[in-house]
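Everything in the sequence shown is counted per my numbering, starting at 14 for the first residue and increasing by one.
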Amino acid sequence: MIRRMATDARGATNPIPQFPAGFLWGVSTSAHQIEGATDEREASVWDAFTAEPGRVKDGSTAAVACDHYHRYREDVALLADLGVGAYRFSISWPRVNAPKGLDFYDRLVDGLCAAGVRPVPTLFHWDLPVALDWLDRDTAARFGEYVSVVAERLGDRVKKWITINEPAEHTLLGHALGTHAPGKQLLFDALPVAHHQLLAHGQAVRALRAAGATDIGIANSHGPTWPASQEQADLEAAGFYDVLLNRLFADPLLLGEYPEGIGELMPGDVASDLKVIAEPLDFYGINYYAPTRVGAPQGTEIEFGGISMPAELPFSVRAIEGVPTTDFGWPVVPEGLTELLTGFREHYGDRLPPIVITENGCSYEGVDDQERIAYLDGHLRALHRAVEAGVDVRGYFVWSLLDNFEWAEGYARRFGLVHVDFEDGVTLTRTPKASYGWFQELLRAQR
């Protein structure tokens, strides 16, 4: 059921500048956060994690979520009405492992193509089958096999592919700090998880190439790292954080090498693995939310952005003062996107493929979400400044189409352009927000 909110997003006195012809506009979601129908697939690490008391702040699970599995036609209609050129969704590995699991994605892809919306699947968005473990090198090989099965089934209609979403967060939150599934607290012993995800990405690229794919990328999260001060201890801590969260996941893909001092910490024949990891990409996906202000360790556990940062880490994350924050408490810093993209171009030069912003968005309450409009407006202007500075950006995807199950936050955070009524638990009524109307008008103006 869809309810319409009467909005008028016209009349902007300072319209967003025109992006280049052929620029790809889209929205993003992920399988575990919206599909529901968990009884019609194998279990994932997130199913096991949310079943443990205290893991999710509101005690909820994704058993129903937005029920996109049964209501995908409704959501495709929203996409078509919005006017996006592409829809970035993720394919659930546990669902593909179940009987007839791929049938759902067949139906979804067919529906998108019929609506004139390009399907852009992400092949892994954190919902690992519960029987597998990223600490095990064999998981990378298994991922390649799974990708081959999906590509054989959908490759006649899907032309643009994303291998893995945010391996940095999945490593840090799921395996180092334990605040996400699978809930391990390994700190720096989680580094093999990063290596095996990167290796899995390379295996996936090879599997997709073998299936004839010619438009392949990854969705890595990145943001500028700002030192808390110019004191040497803060500069060193910020430099280490930048290596850990940015360069560790970009250098191997784009340069074929780990940052200095990291490669020797990784398992296996790293030199051989890097040849797989560095398979050429057709585009480089970046998920951007905010810069991170980092200083020397403060000797105590810190709660930041809903995440507990242990005292033994060699850095501490600090608040960015003097800027607005979202309802999630995340800083709103559009200029950080320009800084990030121009910095990437300077650092990687001709090794950097065309960029697609595969996620950018914010959590705000309410259906008349003027704060989200201001957020998106500011970030699109910042993105355009990067394009004017010579960065080759080919697309932009808003996170997210729908309010959804926001991982360990449960249903307490709302990132959607469309409001979903989770309280009734039955109708899950979709109501387009003011930001949906604003984005709809933007897309018309960009044609």
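Beta carbons are placed, not taken as given, at the ideal position from N, Cα and C, and that holds for glycine.
- Its chain contains VAL345, CYS375, SER376, TYR377, GLU384 and TYR388 as the residues whose beta carbon lies nearer than 8 Å to that of THR339, once the 5 sequence neighbours on both sides are disregarded; these appear in chain order.
- Under the DSSP assignment, LEU261 falls in the alpha helix (DSSP H) whose first and last residues are 261-267.
- PHE62 and VAL143 have their C-alpha atoms some 10 Å from each other.
- Boundaries around THR135 are those of the beta strand (DSSP E), 131-137, since no alpha helix (DSSP H) includes it.
- In the DSSP assignment, ILE229 falls within the unbroken beta strand (DSSP E) covering 229-234.
- DSSP places SER329 in the uninterrupted beta strand (DSSP E) bounded by 329-331.
- Counting every other CB atom within 10 Å of its CB across the protein chains shown gives ASN259 a total of 16 or more, marking it as buried.
- At the C-beta level, ALA303 and THR313 stay beyond 8 Å of one another.
- When the five nearest sequence neighbours on each side are left out, the beta carbons in the same chain lying within less than 8 Å of the beta carbon of ALA291 are those of GLY215, PRO265, LEU266, LEU267, LEU268 and GLY269, in order along the chain.
- Annotation: the continuous alpha helix (DSSP H) that includes THR351 extends over 348-361.
- Counting along the chain, SER285 sits inside the alpha helix (DSSP H) bounded by residues 283-290.
- Taking a C-beta distance under 8 Å as the contact criterion, GLN46 and ALA78 qualify as a contact pair.
- In the structure shown, ALA99 adopts extended strand secondary structure according to DSSP, grouped into three states.
- For PHE452, the number of other beta carbons within 10 angstroms of its own is at least 16, and it is reported as buried.
- Per the Cβ contact rule, the segment 91-110 is not in contact with the segment 220-228 (fewer than 3 Cβ pairs under 8 Å).
- Residue burial is scored here from C-beta neighbours: GLN210 has at least 16 other C-beta atoms within 10 angstroms and is therefore classed as buried.
- The three-state secondary structure of GLU249, taken from DSSP, is helix.
- In the three-state reduction of the DSSP assignment, GLY39 falls in the strand class, which pools E and B.
- Within the same chain, HIS235, GLY236, PRO237 and TYR301 come within 7 Å of LEU353 by CB-CB distance, once the 5 residues on both sides are set aside.
- Under a 10 Å Cβ-count criterion, LYS446 is classified as buried, with 16 or more other Cβ atoms of the shown protein chains found around its own Cβ.
- For VAL369, the CB contacts under 8 Å within the same chain, skipping 5 residues up- and downstream, are LEU37, GLY230, PHE296, TYR297, GLY298, ILE299, VAL406, ARG407, GLY408, TYR409 and PHE410 in chain order.
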